[in-house]
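A.B. asks: I have a structure I would like to understand better, so I am pasting it below and will then ask my questions one at a time.
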Amino acid sequence: LPAPAPVKAGTATHCPYCALQCGMNVAAGETVAITPRDDIPANAGGLCQKGWTAGELLTGGERLTTPLLHGREVGWDEALDFVADRIRAVQAEHGPDGVAVFGGGGLTNEKAYQLGKFARVVLRTSQIDYNGRFCMSSAAAATNRAFGMDRGLPFPITDLARADAVLLAGGNVAETMPPFVRHLATMRERGGRLVVIDPRVTATARQADLHLQPTPGTDLALALALLHIVIAEGHVDEDYVAARTNGFDAVRTSVAAWWPERVERVTGVPVALMRAAVEILAGADRAAILTGRGTEQHAKGTDTVSAFINLALALGLPGREGSGYGCVTGQGNGQGGREHGQKADQLPGYRKIDDPAARAHVAAVWGVDPDTLPGPGRSAYELLDALGTEAGPRALLLFGSNPLVSAPRAGRVAERLARLDLLVVSDLVMSETAATADVVLPTTQWAEESGTMTNLEGRVLLRRRAVAPPPGVRSDLEILRGLAERLGGAEGFPADPREVFDELRRASAGGIADYAGITYERIAAETGVFWPCPAEDHPGTPRPFLDRFATPDGRARFTPVEHRGPQEDVDGEYPLYLTTGRVLAHYQSGAQTRRIAALNAAAADTFVELHPDLAERLAVTSGDRLRVVSRRGETEGAARVNPGIRPDTVFMPFHWPGANLLTNPALDPASRMPEFKVCAVRVERAG
Ligand code: SF4
């Protein structure tokens, strides 16, 4: 690999966790020392508690180092021979789609690419999707329809510090990615103002100049009312709308019915606060509107994001330097993971799998007949829900995901996994899902391997190997190569990430997410390169919409959308809303962070946050055990009484098994995003 940038000590690489992909130096000796890098703008010398303690992932005692076959330690040949034999047998009986593949938003670009290729070229299955579908797919669908391109932040994160106002809807960055807050803090130090929309008084909401606290599942109505006020008070940037957009008249008509007083009754947000939010946004020279999972993880998530994009377009923000709309992507490679073909409907370069020209281009790179490439498969939850059913796959290969904790209606998912003829899990630790697998393959992790990650800004970064992996583990690329060899397709499956990346560059060339001009050398020299980057002499594209949007006519598209309530509303039997989210100390399903002593000490177990009024009604105080019951399951947690939550809502973190036993898998029609963020529950004292 190219020489790393100057570092304080150790090897310059990036954090194993979230989409900020903070730069860090990893120095390995008897212990692993981590220091933040100053040269990566996203974190600029900062790390959160998760990043500081990530070294323990490399030295912790719970690491898997030997393949397991039905719980028995075996050699790699025996494990891979068994998997290949079972794949052949399942496909002989059930056809190519009898075998499914499930990937993850934490996999490097090289792994995501190779997984998609392996599924389509070796297995010939259409049944591949990934857990990123559960992450930001609603924002991806909405930005594709508005701008013709889905890039989380279509501007450098440092632009936020230069803004005069930021509205953040449904994101708690102070806990999920704390260094992000520095950019907002700089904005506020300059006199800029932060508006947060969240049903809870989160750590981020506490730092806001204005906090709107809607009932869960009503933020679409809130966005419609904000636009209603913008129009009524004459804040529309008419010149921008005329010059750079299409479709505003239909949106203007549709929001007329969402006057603020009506929306106050729907959301519980006082009209005065809505007007104050508009005043802040409309009074700013430069402003950004951002959405996170709270807004997106709904069965109407795509329309909700469209409503916020409509608001941004009416104010003339997207495509203006220092302003814009952006999605705060969550998983480490949530952005890159959705560009290279591990999605059910997609080929590398963010190409559509049912587009003949896209199929021909990618098939030529792969050296196969385009007619042999399967078509679109099932989306993530639909795939998990079909496993082991008559029409569904009978075998599953799972990489970098823990759906027994992270999927909605997790009890049903457990039932489906148990029906499989073969479950293979590649992981570093014995996650809840790995513990149920027929075959567990121990794999390398972040600082033990090289590869690229694309952060929430669309900046492609280089992860460098800083320590040797423990003897016995293999990288996912080696695992895929080993399986491809046994299944008759080893050619085209190198285990060297740089070779895979060079092919990825060719496969993505000419696509929306064009990496053709990005090399490992450039990433190292430039501390990351923004896609699209079609040639090695192209500078990369930090702000892709400055001159035109990525639509055929270069204009952004307004989309009229209507509010509707949650898929499951409260009633006499289930009188409370449940919403879920994260805490500072943990990441995603907690498979990694729950194994780190300092993080466990900071947050050892799940909890149920509830308002003091509700606590009084239930006659409970903090620490009492509570049972939370939905139509799909039940779980328990310690009460945490907090006046910062609405009295009609309870909150549970999803880092531990439990919360997702309750959640509703109702799907967004456009993105197939499940409704993680709101369902109806009842709460009782346990024991
Ligand atoms: Fe940075 Fe996210 Fe890692 Fe924290 S978890 S150090 S915010 S990349």
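Sequential numbering of the sequence shown, starting at 5, is according to full-length UniProt numbering.
Every residue, glycine too, gets a C-beta built ideally from N, C-alpha and C.
Here the structure is a predicted model, which means the values were calculated and not measured.
1. Classify G305 as helix, strand or coil using the three-state DSSP reduction.
2. What does the alpha-carbon distance come out to for the pair P579 and A684?
3. Which partner residues does T295 have in the DSSP bridge list?
4. With D223 as the anchor, note down where its alpha helix (DSSP H) starts and where it stops.
5. Quick one: what does DSSP say H18 is sitting in, helix, strand or coil?
6. So what does DSSP say about L157, is it helix, strand or coil?
7. Let's test the definition: count the other Cβ atoms within 10 Å of the Cβ of residue 1 and tell me whether it reaches 16, buried, or not, exposed.
8. Express the C-alpha separation of V477 and E452 in angstroms, rounding to a whole number.
9. Please state whether DSSP places L313 in a helix, a strand or coil.
10. Taking the beta strand (DSSP E) that G585 falls in, what are its first and last residues?
11. Tell me whether H187 sits in a helix, a strand or coil according to DSSP, three-state version.
12. Examine the Cβ distances between the stretch 370-390 and the stretch 540-549 and report whether three or more of them are shorter than 8 Å.
13. Going by C-alpha distance, which of F534, A528, A520, G532 is nearest E540?
14. According to DSSP, which residues form a beta bridge with S634?
15. Would you be able to state if there are at least three C-beta pairs under 8 Å between the stretch 327-342 and the stretch 449-463?
16. Tell me which residue opens and which closes the alpha helix (DSSP H) that T440 is part of.
17. Nearest by alpha-carbon distance to A145: which of P673, E688, R689 is it?
18. Can you round the beta-carbon distance between T584 and E114 to whole angstroms, since I take them to be within the 8 Å contact cut?
19. Scan the stretch 479-503 and note each continuous beta strand (DSSP E) run of 3 residues or more that stays entirely inside, going in chain order.
20. What is the DSSP secondary structure of A554, counted as helix, strand or coil?
21. Verify the contact flag: G55, CB atom, against every heavy atom of the ligand SF4, threshold strictly below 6 Å.
22. Of all the beta strand (DSSP E) runs that stay within the bounds of the stretch 102-142, which reach a length of 3 or more residues?
23. Is DSSP giving P616 helix, strand or coil here?
24. In this structure, does DSSP put M28 in helix, strand or coil?
25. Residue range of the alpha helix (DSSP H) that E688 falls in?
26. On the CB-based measure, 16 or more other CB atoms within 10 Å of its CB, does G662 come out buried or exposed?
27. Going by DSSP, which residues form a beta bridge with R431?
28. Go through its chain and collect everything with a Cβ distance to P218's Cβ below 7 Å, but skip five positions before and after it.
29. Can you name, in chain order, every residue of its own chain whose Cβ lies under 7 Å from the Cβ of R248, other than the five neighbours on each side?
30. V259 and residue 768 - do their beta-carbons sit closer together than 7 Å?
31. With respect to 6 Å, is the separation between the Cβ of C139 and the closest non-hydrogen atom of the ligand SF4 below this value?
32. Relative to the ligand SF4, is the shortest distance from any of its heavy atoms to the C-beta of M457 smaller than 6 Å?
33. To the nearest angstrom, how far is the alpha carbon of E137 from that of L465?
34. Return the Cβ separation of V170 and M191 in integer angstroms, given the expectation that the two are a contact with Cβ distance under 8 Å.
35. Which two residues bound the contiguous beta strand (DSSP E) that contains L671?
36. Report the partner residues of N148 according to the DSSP bridge assignment.
C.D. replies: This is what the structure gives:
1. On the sequence shown, position 301 is the one that residue 305 refers to. For G305, the secondary structure class from DSSP, reduced to helix, strand or coil, is helix.
2. Position 575 of the sequence shown, counted from the start, is the residue given in the question as residue 579. Position 680 of the sequence shown, counted from the start, is the residue given in the question as residue 684. About 7 Å.
3. The residue given as residue 295 occupies position 291 in the sequence shown. DSSP output for T295 lists A173, C331 as bridge partner(s).
4. Taking the first residue of the sequence shown as position 1, residue 223 is located at position 219. In this chain, the alpha helix (DSSP H) harbouring D223 covers 223-236.
5. Position 14 of the sequence shown, counted from the first residue, corresponds to residue 18. In the structure shown, H18 sits in a strand (DSSP, three-state: E or B).
6. Within the sequence shown, numbered from 1, the residue matching residue 157 stands at position 153. Looking at L157 - three-state DSSP - the assignment turns out to be coil, as it is neither helix nor strand.
7. Residue 1 is absent from the structure shown; the chain starts at 5 and stops at 691.
8. For the purposes of this step, residue 452 is taken as residue 448 along the sequence shown, with counting starting at 1. For the purposes of this step, residue 477 is taken as residue 473 along the sequence shown, with counting starting at 1. So the alpha carbons of these two residues sit roughly 10 Å apart.
9. As a working note, residue 313 is residue 309 in the sequence shown. Here residue 313 turns out to be Ile, not Leu, going by the sequence shown. It is helical.
10. On the sequence shown, residue 585 is found 581 positions in, with the first residue counted as 1. Annotation: the continuous beta strand (DSSP E) that includes G585 extends over 580-585.
11. What you label residue 187 is simply residue 183 of the sequence shown in a count that begins at 1. H187: helix per DSSP, three-state reduction.
12. No: the two stretches stay apart, fewer than three of their Cβ pairs being nearer than 8 Å.
13. Taking the first residue of the sequence shown as position 1, residue 540 is located at position 536. Of the listed residues, the one whose Cα sits closest to E540 is A520.
14. For the purposes of this step, residue 634 is taken as the residue at position 630 of the sequence shown. G637, per the DSSP bridge assignment.
15. When Cβ pairs closer than 8 Å are counted between the two stretches, the stretch 449-463 is seen to touch the stretch 327-342, the count reaching three or more.
16. In the sequence shown, the residue the question calls residue 440 occupies position 436. First-last for T440: undefined, no H or E at that position.
17. The residue given as residue 145 occupies position 141 in the sequence shown. Taking the Cα of A145 as reference, the smallest distance to any Cα among P673, E688, R689 is reached at P673.
18. Stepping through the sequence shown from its first residue, residue 584 is reached at position 580. Stepping through the sequence shown from its first residue, residue 114 is reached at position 110. About 31 Å separates the two Cβ atoms, so there is no contact after all.
19. For the stretch 479-503, there is no continuous beta strand (DSSP E) assignment of 3+ residues that stays within its boundaries.
20. Working through the sequence shown from its first residue, we reach residue 554 at position 550. Note: A554 maps to coil in three-state DSSP.
21. Residue 55 sits at position 51 when you count from the first residue of the sequence shown. For G55, the Cβ falls inside the 6 Å cut-off from some heavy atom of the ligand SF4.
22. Within the stretch 102-142, the complete beta strand (DSSP E) segments of 3 residues or longer fall at 103-107, 132-134, listed in chain order.
23. Translated into positions along the sequence shown, residue 616 becomes position 612. Looking at P616 - three-state DSSP - the assignment turns out to be helix.
24. Residue 28 sits at position 24 when you count from the first residue of the sequence shown. Of the three classes helix, strand and coil, the one that applies to M28 here is strand, per DSSP.
25. Translated into positions along the sequence shown, residue 688 becomes position 684. Where E688 is concerned, there is no enclosing alpha helix (DSSP H), although the beta strand (DSSP E) around it starts and stops at 683-689.
26. In the sequence shown, counting from the first residue as 1, residue 662 sits at position 658. A residue is called buried once 16 or more other Cβ atoms fall within 10 Å of its Cβ, and G662 is buried on that count.
27. Numbered from 1 along the sequence shown, position 427 holds the residue referred to as residue 431. Checking the displayed sequence, the identity of residue 431 turns out to be Asp instead of Arg. D431 is bridged to P446.
28. Translated into positions along the sequence shown, residue 218 becomes position 214. Closer than 7 Å at Cβ, skipping near neighbours: I201, P203, L226, T271, G272, V273.
29. Locating residue 248 in the sequence shown gives position 244, where the first residue counts as 1. The residues are G323, R559, A560.
30. Given that the chain is displayed from residue 5 to residue 691, the structure contains no residue 768 and the question cannot be resolved.
31. Residue 139 sits at position 135 when you count from the first residue of the sequence shown. For the ligand SF4, not one heavy atom lies less than 6 Å from the Cβ of C139.
32. If you number the sequence shown from 1, residue 457 lands on position 453. Every heavy atom of the ligand SF4 is 6 Å or more from the Cβ of M457, so no.
33. Position 133 of the sequence shown, counted from the first residue, corresponds to residue 137. Position 461 of the sequence shown, counted from the first residue, corresponds to residue 465. Correcting the residue type first, residue 137 is Arg in the shown sequence and not Glu. So the alpha carbons of these two residues sit roughly 22 Å apart.
34. Position 166 of the sequence shown, counting from 1, holds the residue named residue 170. Position 187 of the sequence shown, counting from 1, holds the residue named residue 191. So it is a contact: roughly 6 Å between Cβ atoms.
35. Start at 1 with the first residue of the sequence shown, and residue 671 comes out as number 667. Looking at the DSSP string, the run of the beta strand (DSSP E) that includes L671 is 668-671.
36. The residue labelled residue 148 in the question sits at position 144 within the sequence shown. Residue pairing by DSSP places N148 in no beta bridge whatsoever.
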